[in-house]
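Here the protein sequences come in this chain order: A and B.
Numbered per the working numbering, the first sequence spans residues 240 to 839.
Numbered per the working numbering, the second sequence spans residues 120 to 562.
Beta carbons are placed, not taken as given, at the ideal position from N, Cα and C, and that holds for glycine.
Because the structure is a prediction, the values reported are computed rather than measured.
Working notes for the structure below.
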Amino acid sequence: MTGNDPAVSPKELLEPPAIDAEVAAAKQEAARPYTPHRPDIHKLAPNRDERLFLVLSIFIGVISGLLAVCFRVSINWFQVLTLGSAPRPGQLRLLIVPMVAGAVVGALVQIVFPLARGSGVNQTKAALYIFNGFISFKTVIGKFITAAMAIGGGFSLGPEDPSLQIGAGVASMISRRLRLSRERLRLFAPIGAAAGLAAAFNAPISAILFVVEEVIGRWSAAVLGSIVLAAFSSVVVARWFGGPEPLFRIPAITPLRDPRELIAYAVLGVVGGVAALIFSKALGYLRPWLRSLPRWTRYCQPPLAGLMVGAIGYFGAPQVMGAGYGAIDQAMHGQFTWKFLLVLGLLKILATTLSFSSGTPGGMFAPTLFAGAMLGASVGTFEKLLFPHLSIPVAGYATVGMGVLFAGFLRAPLTSVFMAMELSGNYSIVLPVILANTIAYLISRSFQPVPIFETLTVQDGLDLPSMEEQREESILHLEDALLPVNIPVVAGRDSVGKIASSLAPNTTSFLIKLWDGSWYSMTREELTGIAALCTPETLLDTMLKPDRTPTLFPDLPLDSAIPYLARWPVLPIQNRAAKGTLNGIVTLNDVIQRYQNQVG
Amino acid sequence: MAFLHPKTPLSTGERLERRHLLVSDTLSLTILAVITVALALVTNAIFQSYASHQTYLSRRWLTRGVSSLHQNDPQAAVYALHSALALAPGDRTIEMQLAEALASAGRLQEAAAYFNTLAESEPGEGVIEIQLARLAVREGNVAQALEYYRRAIDGDWKGNGAVRRREARLEMVGFLLDQGRYAQARNELLVAAGNAPEDDTADLLKIGQLMEKAQSPADAFNLYKSLLEHRPSLFEAVDGAGRTAFQVGHFAEAARYLQRAVSDPEAARLPDKESEALRNMLSQSRRLLLLYPSPQLSLHDRGIRILADRRIAQDRLASCLAAQTTSNEPAVSSAPAASQTGESLNPLKNLARRFEHHPVETADSSPATSPADKLRAIQARWKQLPAKVTLSSLANTPALASTQIQLIYDTERVTAEVCGPPTEEDDVLLLKIAQAPDAVDQE
């Protein structure tokens, strides 16, 4: 389909079994809103979409940034008004508030905002891949209200993923209002997502990388510029309000002095990998089990989860409630003992599993960072007790710990490295981060082959592309289907008669080398047709059609040849080092056979 | 809007459509801009309202925390200050208060971690280093405590840095004294005294008192004297000068200062024991001066004192010899018991104790000589002298006077060494004179 095609209604595209209220609601919602843009716009203003794209990227960034700030402040207000400014163990409100908030949020999600459920990352991916970039205004509002209530009410969830979805929703609404092409509509969702996430994290590079790594799945020049523009606009807005400080106040981290200290980080990588595994397995087990219970229980699940999370706070660890940024800050500044840090990390995993599995809207970024920071600081503090000469401060371990769990649990290795650097503002931490993250990533992957986002996608009854698989997909190149030049090669300046007589009777196609170094591939039938129209002495190149075979090289993707094989029977593959020299040829059969071999 | 220009010619209807599109896009972007501005205003209002509320809450918790700390309820203070800090992350005042509260609550590890983090964020800040030193003291980590104290002294202090550094140094001296590291403490006190301004009476007095505790009475005496040059009537300095002059053997000065101290109205405010000790020192100084055969006296007066001292020394030698012959056990063994039971307020007993711990070196003593030999040597020297010495013989023969005096002193020293410190008051005083005869009436 071209960009001028009317957008297909998401209703037509959404065909998974209607086993779920969310999916049913998505179908219902997707059926309503979108007015396909008029097909003649491309003719009236051919460059309109392209130009508007950049302008709108800035608007999307600014609005997403403002909404992200509003969202964070709303969470804080809700928390202060309900849980108080300083929750501490033994306060009865720690039990009551999450339960009541869970009941309200549960009812809202079931009755009014069914698509607000979940973190927001998968919903944005679904919008990109299934709904043509469509996220409704109602979903945005619902996400804002329910997630703010849940997180502010003490559920162990984070505001980043909802901010991502809110940003994507803003982008979707704006692009629909301006009746952009469907291709552009799709692209706007990740742009908004990057803006929302960047504002929530106050870390534009990490947000851009995450969206590229997890939402889009590939580096696309068409969208990268706009993503960068939107992310930076939103961060400017966020910093306008919150100041230039990063999300966490990380004390100065001394650079790695002795390479042997990397062993300490390797231990952290192993611990993080195991923790990520526990986290993934727990979510992978509890969430589908809760979803398999009768539908009416979905009204009860959030309040019950809230009660349990509240109980954790009531009986000693209110730090795990909410996003937990304050506790991360305290861990960074070495305010907890290693045992308490360990307990907090494990309780956070438990509380987040309960909160998220119950269907309460909210993100997993902050809990992942929380658990990672606690485990990292715990390992660091413990190692310092054993080896006091280690020069790395606890904050260094906590920062690496955040990256470790991000890599192991969310399986975004590139983002995790940059996030640790961006949050710490310290490049010297890059080596430990890479080492620990790689170990955690490999451990997590070995024992949990399916990444958590994909697991959640499957649980939601959707079939979205796996970004991890895409990253690791081995792409076939032309060289993989390359054959030696086993067909005749003639010169374009030869006469038609001479060429006809030189061809063997069984030759079906041959290559013509033209005077300017370009190539033309021809079938015997085409030659026969030309011969019928001219004398034998006529030079062949004077009778050729104006087009030429494309210039292809062995390192290009194999699928790059496919569009041309309908026109050309044989494609010459040229040498990059010597123009006009052939490395070989490919035919349609060879290409298809090569793909079939790969699948086999 | 050049981008609206089509590549192919448009019909009239299409041109109209294009115009509508242009208007529509312009309107949409304008609405978007208006929405953005409106949203920015709303966001700002919400943000500012929360920020001011947050500041209010933070101050409220800080006040509660400080109040709890003053009311000696560190647990409540920790909770309140934690809450305050959560609402105002990075506020250094709260951070410092919290760390102090943690330390007060006995959560030393947390407090140390907190202070360490603060120190990492602002290395060399004196106020943090001294807190770390205090924590190390509480944890019994001597080496680390001294390192932190040293860093505090060399660190940055906001405000009156010199005063704060001196306070840190004196605190370190207190710690050194507790550890029995007197030499180190003396060095620090000398530096502190050198750095302290002359008009800082309180600090100088404190330094003087610490010098006394550091077993450095000579330094303390000098300090008190210099203090009295600027504040001649300062009771604490007069008192200190008297005490320390007595300790270093400057009995003439001691008597003078102690007399001033005792007759000062401030002395009435002293605890009874201290007051009594002062008076004891004064009377002993006077008695000692009466025993001392000062070269500045007339020949007659000096002779009287020599004869009196001669009698005391001979009696002491006789009793020591008797003790040696009746018992194989050294008489020294009785000394510790005496010193143990003696009141610390009795300066004579204190003196005796000092001699016990630091046996004197006599002119004729040598490691190879046994105590009995030493006594016999002294006895032989007495026998070489005339058995009867009169005032006139002393007056007529200055050499005899000198020999007598020297033998008196040697007798006191040897008997103290062999038989232990004397218990008789005059013996004690005479021994004291014998230790540093030239210092007695030194000014």
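Output the distance between the C-alpha atoms of residue i and residue j, rounded to the nearest integer angstrom.
i: Ile552 (chain B); j: Tyr267 (chain B); result: 45 Å
i: Asn361 (chain A); j: Arg290 (chain A); result: 29 Å
i: Arg684 (chain A); j: Phe480 (chain A); result: 39 Å
i: Phe792 (chain A); j: Gln813 (chain A); result: 5 Å
i: Gly359 (chain B); j: Gly539 (chain B); result: 29 Å
i: Gln173 (chain B); j: Leu424 (chain A); result: 40 Å
i: Glu764 (chain A); j: Ile714 (chain A); result: 35 Å
i: Ser596 (chain A); j: Tyr636 (chain A); result: 29 Å
i: Ser130 (chain B); j: Ser143 (chain B); result: 20 Å
i: Gly741 (chain A); j: Ala800 (chain A); result: Reading the sequence as shown, one finds Ser at residue 741 (chain A) and not Gly. Roughly 29 Å separates the two Cα atoms.
i: Asp440 (chain B); j: Ile249 (chain B); result: Correcting the residue type first, residue 440 (chain B) is Leu in the shown sequence and not Asp. Between Leu440 (chain B) and Ile249 (chain B), the C-alpha separation is close to 58 Å.
i: Arg269 (chain B); j: Gln263 (chain B); result: 10 Å
i: Leu436 (chain B); j: Glu317 (chain B); result: 50 Å
i: Gln433 (chain B); j: Leu346 (chain B); result: 43 Å
i: Arg332 (chain A); j: Gly323 (chain A); result: 9 Å
i: Ser512 (chain B); j: Leu426 (chain B); result: 11 Å
i: Val840 (chain A); j: Ala218 (chain B); result: The question about residue 840 (chain A) has no answer, for chain A in this structure spans 240 to 839.
i: Met658 (chain A); j: Trp758 (chain A); result: 49 Å
i: Pro649 (chain A); j: Pro690 (chain A); result: Going by the sequence as given, residue 649 (chain A) is Leu instead of Pro. Computed Cα separation, rounded: 7 Å.
i: Arg138 (chain B); j: Arg488 (chain A); result: 53 Å
i: Ser760 (chain A); j: Leu779 (chain A); result: 12 Å
i: Leu546 (chain A); j: Leu334 (chain A); result: 6 Å
i: Leu377 (chain B); j: Ala520 (chain B); result: 31 Å
i: Lys344 (chain B); j: Ala315 (chain B); result: 15 Å
i: Arg211 (chain B); j: Ala205 (chain B); result: 12 Å
Using the DSSP secondary-structure output, state which residues sit across from residue i in a beta bridge.
i: Asp275 (chain B); result: B:Glu244
i: Gly602 (chain A); result: A:Gly397
i: Pro811 (chain A); result: A:Ile824
i: Leu309 (chain B); result: DSSP output for Leu309 (chain B) lists no bridge partner at all.
i: Pro796 (chain A); result: A:His716
i: Ser748 (chain A); result: A:Thr762
i: Gly791 (chain A); result: Note that residue 791 (chain A) corresponds to Leu in the displayed sequence, not to Gly. Looking at the DSSP assignment, Leu791 (chain A) forms a beta bridge with A:Ile812.
For residue i and residue j, which I take to be in contact (beta-carbon distance under 8 Å), what is that distance rounded to the nearest angstrom?
i: Phe310 (chain A); j: Ser402 (chain A); result: 6 Å
i: Gly573 (chain A); j: Thr155 (chain B); result: Between Thr155 (chain B) and Gly573 (chain A) the Cβ distance is about 42 Å, and since that is not below 8 Å, they are no contact.
i: Val656 (chain A); j: Gly611 (chain A); result: Contact doesn't hold; Cβ gap of about 13 Å is too wide.
i: Val476 (chain A); j: Gly304 (chain A); result: 3 Å
i: Pro485 (chain A); j: Ala442 (chain A); result: 7 Å
Suppose only complete runs of 4+ residues qualify. What are the alpha helix (DSSP H) ranges in the segment 297 to 368 of chain A, listed by chain order?
With a minimum length of 4 residues, the continuous alpha helix (DSSP H) runs that stay inside the segment 297 to 368 of chain A are 332 to 346 and 360 to 368.
Suppose only complete runs of 3+ residues qualify. What are the beta strand (DSSP E) ranges in the segment 750 to 779 of chain A, listed by chain order?
The segment 750 to 779 of chain A is shown to contain whole beta strand (DSSP E) runs of 3 or more residues at 758 to 762, in chain order.
Pairing CB atoms from the segment 395 to 408 of chain B with CB atoms from the segment 362 to 382 of chain B, are three or more of them under 8 Å?
Judged by Cβ distances under 8 Å, the segment 395 to 408 of chain B makes contact with the segment 362 to 382 of chain B, as three or more pairs qualify.
Are three or more beta carbon pairs between the segment 714 to 732 of chain A and the segment 809 to 823 of chain A nearer than 8 Å?
Yes, the segment 714 to 732 of chain A is in contact with the segment 809 to 823 of chain A.
Where in the segment 659 to 740 of chain A do unbroken runs of the alpha helix (DSSP H), each at least 4 residues long, occur, reported from the N-terminal end onward?
For the segment 659 to 740 of chain A, whole alpha helix (DSSP H) runs of length 4 or above, ordered along the chain, are 669 to 686, 691 to 698 and 706 to 711.
Any chance the segment 234 to 241 of chain B sits against the segment 279 to 295 of chain B, with 3 or more Cβ pairs inside 8 Å?
Segments in contact, no.
Contact between the segment 569 to 579 of chain A and the segment 602 to 619 of chain A (3+ Cβ pairs under 8 Å)
A contact between stretches requires three or more CB pairs, one per stretch, nearer than 8 Å, and the segment 569 to 579 of chain A meets this requirement with the segment 602 to 619 of chain A.
contact_flag[the segment 584 to 603 of chain A, the segment 625 to 632 of chain A] where n(CB pairs < 8 Å) is 3 or more:
In the pairwise beta carbon analysis, the segment 584 to 603 of chain A is classified as not touching the segment 625 to 632 of chain A: fewer than three pairs are separated by under 8 Å.
Return the chain-ordered ranges of every alpha helix (DSSP H) run that is complete within the segment 488 to 557 of chain A and spans a minimum of 4 residues.
Fully enclosed alpha helix (DSSP H) runs of 4 or longer: 501 to 531 and 536 to 553.
When the Cβ atoms of the segment 187 to 194 of chain B are set against those of the segment 163 to 177 of chain B, are three or more pairs found closer than 8 Å?
When C-beta atoms of the segment 187 to 194 of chain B are compared with those of the segment 163 to 177 of chain B, fewer than three pairs fall below 8 Å, so the two segments do not count as touching.
Go through the segment 201 to 273 of chain B residue by residue and report every complete run of the alpha helix (DSSP H) that reaches 4 residues or more, in order.
Complete alpha helix (DSSP H) runs here, min 4: 211 to 223, 227 to 240, 245 to 258 and 261 to 273.
Which runs of the beta strand (DSSP E) spanning at least 3 residues fall entirely within the segment 356 to 424 of chain B, listed in chain order?
The qualifying runs do not exist here; there are none.
Suppose only complete runs of 4+ residues qualify. What are the alpha helix (DSSP H) ranges in the segment 411 to 455 of chain A, listed by chain order?
For the segment 411 to 455 of chain A, whole alpha helix (DSSP H) runs of length 4 or above, ordered along the chain, are 421 to 440 and 443 to 449.
Using 8 Å as the threshold, is the segment 507 to 527 of chain B in touch with the segment 414 to 432 of chain B, meaning 3 or more CB pairs across them?
Taking 8 Å as the limit for Cβ pairs, the verdict is that the segment 414 to 432 of chain B does touch the segment 507 to 527 of chain B.
Three or more C-beta pairs under 8 Å: does that hold for the segment 433 to 442 of chain A against the segment 394 to 411 of chain A?
Output reads yes: the segment 394 to 411 of chain A touches the segment 433 to 442 of chain A.
The segment 371 to 383 of chain A in contact with the segment 351 to 359 of chain A per 3-pair CB rule at 8 Å:
Yes, since at least three Cβ pairs between the segment 371 to 383 of chain A and the segment 351 to 359 of chain A fall closer than 8 Å, the two stretches touch.
Just checking, does the segment 673 to 681 of chain A make contact with the segment 780 to 789 of chain A on the three C-beta pairs under 8 Å criterion?
Segments in contact, no.
Counting Cβ pairs closer than 8 Å, one from the segment 492 to 508 of chain A and one from the segment 551 to 565 of chain A, do we hit at least three?
No contact exists between the segment 492 to 508 of chain A and the segment 551 to 565 of chain A.
For the segment 546 to 558 of chain A against the segment 388 to 401 of chain A, are there 3 or more C-beta pairs whose distance is under 8 Å?
With three or more CB-CB distances shorter than 8 Å, the segment 546 to 558 of chain A counts as touching the segment 388 to 401 of chain A.
Contact between the segment 525 to 542 of chain B and the segment 493 to 502 of chain B is defined here as three or more beta-carbon pairs at a separation below 8 Å; is this criterion met?
Judged by pairs of C-beta atoms under 8 Å, the segment 525 to 542 of chain B touches the segment 493 to 502 of chain B, as three or more such pairs exist.
Going along the chain, which unbroken runs of the alpha helix (DSSP H) with 4 or more residues stay wholly within the segment 149 to 201 of chain B?
Counting only runs of at least 4 residues, the segment 149 to 201 of chain B fully encloses no alpha helix (DSSP H) element at all.
Touch check for the segment 769 to 776 of chain A and the segment 733 to 749 of chain A: three-plus C-beta pairs under 8 Å?
The segment 769 to 776 of chain A makes contact with the segment 733 to 749 of chain A, as at least three CB pairs between them are under 8 Å.
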